[in-house]
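Those protein sequence lines, which keep their order, are chains A and B. FYI, the numbering for the first sequence is 3 to 227, going by the working numbering. FYI, the numbering for the second sequence is 3 to 227, going by the working numbering. All C-beta atoms, glycine included, are put in the ideal place defined by N, C-alpha and C.
There are 2 protein chains.
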Amino acid sequence: MPGRRAAPRISESTVRRLSHYYRVLEEVEAEGKRLISSHRLAEREGVTSAQVRKDLSCFGSFGRRGLGYNVAHLRREIRAILGLDRRWRVAVVGVGNLGSALLLYRGFARQGFDVVAAFDRDPARVGQKVGDLAVRDIVELAAAARGGGFDIGVIATPLRAAQDVADALVAAGVRAILNLAPRKLFVPAAVALRTVDMTVELETLSFALSNLAPPRPRRRDRRTT
Amino acid sequence: MPGRRAAPRISESTVRRLSHYYRVLEEVEAEGKRLISSHRLAEREGVTSAQVRKDLSCFGSFGRRGLGYNVAHLRREIRAILGLDRRWRVAVVGVGNLGSALLLYRGFARQGFDVVAAFDRDPARVGQKVGDLAVRDIVELAAAARGGGFDIGVIATPLRAAQDVADALVAAGVRAILNLAPRKLFVPAAVALRTVDMTVELETLSFALSNLAPPRPRRRDRRTT
């Protein structure tokens with residue numbers, strides 16, 4: 003591929019699907035397979051094969067009719083599109099239960115995300131080691147961000163502190179934030195923000211359980227989310 | 003309100019917004035406010051006030067023109083709609099870093115979700131206490147589920163075990179699953195499944211960072227996600 007193409011306008015949901023295709027391609031490559039059909043990719047992701055072909059055609063036509071996609075090539079292409087052909091440095095702000103779990107989780111590093119710093123404002127936590135990292139005082143956050151110490155800030159603080167931390171990250175020039183605190187955060191349009199709120203997910207399950215029809219005989223149709 | 007109404011057909015995204023409104027109403031009630039306008043609710047959630055009124059009108063008209071919504075009443079209504087007027091029992095399967103963090107997190111209990119059981123297949127973990135709970139052997143999972151021991155199963159296993167655990171939960175009659183393993187799971191249509199995949203979120207941030215325009219002068223528009 004001759005250098006990086008200009009990014010086409012693609013939706014967040016397309017990016018999410020690319021991320022899932024990438025995961026499938028990694029698995030399939032590890033199994034030693036060289037080719038994969040759009041049908042197989044679709045089946046693994048619970049989407050239609052037409053959707054797969056449409057998603058992938060956004061970036062040029064990689065597949066060959068009747069043969070399918072070259073697994074290694076397609077994986078490399080998606081890797082480049084997602085920006086995973088480099089490593090990203092992540093700082094975790096808030097080292098409670100969830101923050102600590104993220105510091106100890108090795109799956110992020112496998113996907114190119116290195117947790118390089120951890121901050122907390124609790125003096126009892128500052129200086130403690132969690133995994134390989136010593137927790138730093140949150141007053142050092144802005145200087146670390148301004149110095150280019152990390153690319154992505156993960157907010158794992160209690161909800162009342164979350165907006166202040168987001169504001170501090172933005173003011174220090176951080177342009178990508180993953181928010182795990184259970185509240186909406188507001189950031190400038192130029193900053194990429196994603197929110198993961200497990201309580202909201204549990205509440206949608208609560209709604210579903212409260213409103214589901216009573217169990218019916220087992221059906222063979224399966225769906226995904 | 004005369005009993006629970008028949009559930010209207012509402013989308014998952016509406017349920018998510020209701021969950022967020024509920025959170026705002028809790029905060030506002032704690033501040034001692036009695037009334038809230040659709041405009042204020044919208045502002046806190048980054049949606050339009052027309053959207054708020056539309057969402058809430060699905061369940062009957064609670065607001066009074068010019069006065070706004072009665073905070074305590076609206077909170078109770080949404081609580082009932084979301085099925086949060088009862089407590090739900092949650093089992094966590096997989097007590098690694100993330101599973102342990104969930105067992106120690108007190109925020110779920112505040113919202114009506116009691117973590118009542120934890121399972122793992124690693125003999126080194128079985129019998130260990132995490133918070134107040136002793137980790138049980140995963141071979142006991144089906145019996146615990148069949149006995150009605152819990153309502154919601156949270157899958158926090160490594161990705162290779164996740165589908166097997168989902169199949170076991172479904173076979174044992176569990177009808178709501180929160181999947182935190184980084185892969186798509188397949189369940190029958192009658193089972194409610196939500197997936198939280200932090201790696202996918204990080205990858206959408208990686209994509210955004212790779213494709214964002216260079217930083218521009220600070221703008222005052224703020225957006226939310």
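Taking all protein chains shown into account, do 16 or more other C-beta atoms lie within 10 angstroms of the C-beta of residue i, making it buried, or fewer, making it exposed?
i	result
proline 217 (chain B)	Low per-residue confidence applies at proline 217 (chain B): pLDDT is 49, beneath 50, and the placement is therefore not dependable enough to give any value.
serine 15 (chain A)	exposed
aspartate 124 (chain B)	exposed
glutamate 33 (chain A)	exposed
leucine 27 (chain B)	buried
serine 208 (chain B)	buried
alanine 126 (chain A)	exposed
glycine 85 (chain B)	buried
glycine 155 (chain B)	buried
glycine 5 (chain A)	Per-residue confidence for glycine 5 (chain A) stands at a pLDDT of 43, beneath the threshold of 50, marking its modelled position as unreliable; the derived number appears in the next sentence. Exposed, by the Cβ-count rule.
histidine 41 (chain B)	exposed
serine 59 (chain B)	exposed
arginine 1 (chain B)	Beyond the ends of chain B as shown, which are 3 and 227, falls residue 1 (chain B); an answer cannot be given.
alanine 52 (chain A)	exposed
arginine 221 (chain B)	Its pLDDT being 44, under 50, arginine 221 (chain B) is placed unreliably in this model, and the value from its coordinates should be taken loosely. Exposed, since its Cβ has fewer than 16 Cβ neighbours within 10 Å.
histidine 75 (chain B)	exposed
serine 21 (chain B)	buried
arginine 81 (chain A)	buried
alanine 8 (chain B)	Any reading at alanine 8 (chain B) must be qualified, since the residue scores a pLDDT of 48, below 50, and its modelled position is unreliable; no value is offered.
serine 13 (chain A)	exposed
Would you grab the beta carbon distance between residue i and residue j for me? Rounded to a whole angstrom, and I think it's under 8 angstroms.
i	j	result
isoleucine 83 (chain B)	phenylalanine 61 (chain B)	6 angstroms
alanine 93 (chain A)	alanine 119 (chain A)	4 angstroms
alanine 103 (chain B)	alanine 103 (chain A)	4 angstroms
alanine 178 (chain B)	leucine 105 (chain A)	Contact flag wrong, Cβ pair sits at about 29 angstroms.
arginine 18 (chain B)	valine 17 (chain A)	Arginine 18 (chain B) to valine 17 (chain A), Cβ: 19 angstroms. No contact.
arginine 229 (chain A)	aspartate 122 (chain A)	This structure does not reach residue 229 (chain A), given that chain A is present from 3 up to 227, and the question cannot be answered.
leucine 43 (chain B)	tyrosine 23 (chain B)	6 angstroms
glutamate 31 (chain A)	arginine 77 (chain A)	6 angstroms
> When you check each C-beta in the stretch 22 to 51 of chain B against every C-beta of chain A, which residues fall closer than 8 angstroms?
Replying inline: So the list reads His22, Tyr24, Arg25, Arg46, Glu47, Gly48, given in the order they occur along the chain.
> At what residue ranges does the stretch 143 to 220 of chain A contain a whole run of the alpha helix (DSSP H), taking only runs of 4 or more?
Replying inline: As far as the stretch 143 to 220 of chain A is concerned, its whole alpha helix (DSSP H) runs of at least 4 residues are 143 to 148, 161 to 173, 200 to 213.
> Taking any Cβ of chain B, which residues in the stretch 195 to 208 of chain A have a Cβ under 7 angstroms from it, in chain order?
Replying inline: Residues of the stretch 195 to 208 of chain A that bring their beta carbon within less than 7 angstroms of a beta carbon in chain B comprise Leu195, Arg196, Thr197, Val198, Met200, Thr201, Val202, Glu203, Leu204, Glu205, Thr206, Leu207, Ser208, in sequence order.
> Using Cβ-Cβ distances below 7 angstroms, what residues of the stretch 141 to 168 of chain A are close to chain B?
Replying inline: Residues of the stretch 141 to 168 of chain A that bring their beta carbon within less than 7 angstroms of a beta carbon in chain B comprise Asp153, Ile154, in sequence order.
>> Short of 8 angstroms Cβ to Cβ, which residues in the stretch 55 to 86 of chain A face chain B?
In response: Residues of the stretch 55 to 86 of chain A with a Cβ closer than 8 angstroms to any Cβ of chain B, in chain order: Ile83, Leu84, Gly85, Leu86.
> Per the contact definition of three or more C-beta pairs closer than 8 angstroms, is the stretch 97 to 106 of chain B in contact with the stretch 58 to 78 of chain B?
Replying inline: With a cut-off of 8 angstroms, the stretch 97 to 106 of chain B and the stretch 58 to 78 of chain B do not count as touching, because too few Cβ pairs lie within range.
>> With three or more beta-carbon pairs closer than 8 angstroms as the criterion, would you say the stretch 124 to 137 of chain A touches the stretch 186 to 206 of chain B?
In response: Not touching, per the Cβ criterion.
>> Assess contact between the stretch 139 to 147 of chain A and the stretch 142 to 157 of chain B, defined as three or more Cβ pairs (one per stretch) separated by less than 8 angstroms. Is contact present?
In response: Too few Cβ pairs lie closer than 8 angstroms, so no.
>> Tell me which residues of the stretch 103 to 115 of chain A have at least one Cβ-Cβ distance to chain B shorter than 7 angstroms, keeping chain order.
In response: When CB distances to chain B are screened at a threshold of 7 angstroms, the residues of the stretch 103 to 115 of chain A falling below it are Ala103, Leu106, Tyr107, Gly109, Phe110, Gln113, Phe115, in chain order.
> Should the stretch 163 to 173 of chain B be called in touch with the stretch 47 to 58 of chain A, which here means at least 3 C-beta pairs below 8 angstroms?
Replying inline: With a cut-off of 8 angstroms on Cβ pairs, the stretch 163 to 173 of chain B is not in contact with the stretch 47 to 58 of chain A, counting fewer than three such pairs.
>> Does the stretch 191 to 207 of chain B come into contact with the stretch 193 to 210 of chain A, if we say contact requires no fewer than three beta-carbon pairs (one atom in each stretch) closer than 8 angstroms?
In response: Because the criterion of three Cβ pairs below 8 angstroms is met, the stretch 191 to 207 of chain B and the stretch 193 to 210 of chain A touch.
> Can you list, in chain order, the residues of the stretch 118 to 143 of chain A whose Cβ is nearer than 8 angstroms to any Cβ on chain B?
Replying inline: For the stretch 118 to 143 of chain A, no residue has a beta-carbon sitting nearer than 8 angstroms to a beta-carbon of chain B.
> Curious, which full-length alpha helix (DSSP H) runs of at least 4 residues does the stretch 54 to 103 of chain B contain?
Replying inline: Listed in chain order, the alpha helix (DSSP H) elements of length 4 or more contained wholly in the stretch 54 to 103 of chain B are 73 to 83.
> What are the residues of the stretch 88 to 101 of chain B that lie near chain A, defined by any Cβ-Cβ distance shorter than 9 angstroms?
Replying inline: If the cut-off is 9 angstroms between Cβ atoms, the stretch 88 to 101 of chain B has Arg88, Trp90, Val92, Gly98, Asn99, Leu100, Gly101 near chain A.
> What beta strand (DSSP E) runs, 3 residues minimum, are completely inside the stretch 6 to 32 of chain B?
Replying inline: The qualifying runs do not exist here; there are none.
>> Beta carbons nearer than 9 angstroms to chain B: which residues of the stretch 174 to 186 of chain A have them?
In response: Cβ contacts with chain B come from Gly175, Arg177, Ala178, Ile179, Leu180, Asn181, Leu182, Pro184, Arg185, Lys186.
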